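Novice:
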Amino acid sequence: MATNLSPRRPRLSDRDLWTRDYGEIDNIVYAIMKIKEILDYHLYYDDVWPYLLLSFLEAVHNTGQGDGKGLSGTGASLKDYVVSAVTPTNKRDLSMVLLLTDLIEKSPKYRGSSSSP
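In the working numbering, the protein residues as written are 37 to 153.
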């Protein structure tokens, strides 16, 4: 039973997600907010993912400032958590979280400064 306080179903558009440059800060913020929207809807009962998402955002910021040590580690932690929460009913939406995380990590701006291969 939905209420005004219940998270709304995430609105995802493949075209919108694929046409953004995730090396630009406004598109990174968009991706982080989409990830939050998806996780808020599917994993509202868990308090682990907000910490992981904030850690990932902090690592993205630090990488943009020249310190790329934590990006691959925090990205991997977030993705591991999301993979462990996948069910048949949420797999499409949670795969978008994995995709958005990868698009940020692999953007040309962050790819060269991360320690991932």
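By construction, the Cβ of each residue, glycine as well, lies at the ideal position given by its N, Cα and C atoms. Fair warning: this is a prediction, and the values are worked out from it, not measured in the lab.
1. Looking at the unbroken alpha helix (DSSP H) that takes in residue 52, where does it start and where does it end?
2. Quick one: residues in its chain with C-beta nearer than 6 Å to the C-beta of residue 95, no 5 flanking neighbours on either side, listed in chain order?
3. In the DSSP assignment, find the unbroken alpha helix (DSSP H) run with residue 109 in it and report its ends.
4. Using 8 Å as the cut-off, classify the Cβ of residue 93 as near or not near the heavy atoms of the ligand ATP, replying yes or no.
5. Tell me the DSSP secondary structure of residue 46 in three-state form.
Specialist: From the atom records:
1. On the sequence shown, position 16 is the one that residue 52 refers to. Start and end: 50-54.
2. Residue 95 sits at position 59 when you count from the first residue of the sequence shown. Excluding positions up to five away in sequence, the list reads 106, 107, 110.
3. By 1-based counting over the sequence shown, the position of residue 109 is 73. Start and end: 107-120.
4. With respect to small molecules bound, the structure shown includes none, and the ligand ATP cannot be examined in it.
5. Position 10 of the sequence shown, counting from 1, holds the residue named residue 46. Residue state, collapsed to three classes: coil.
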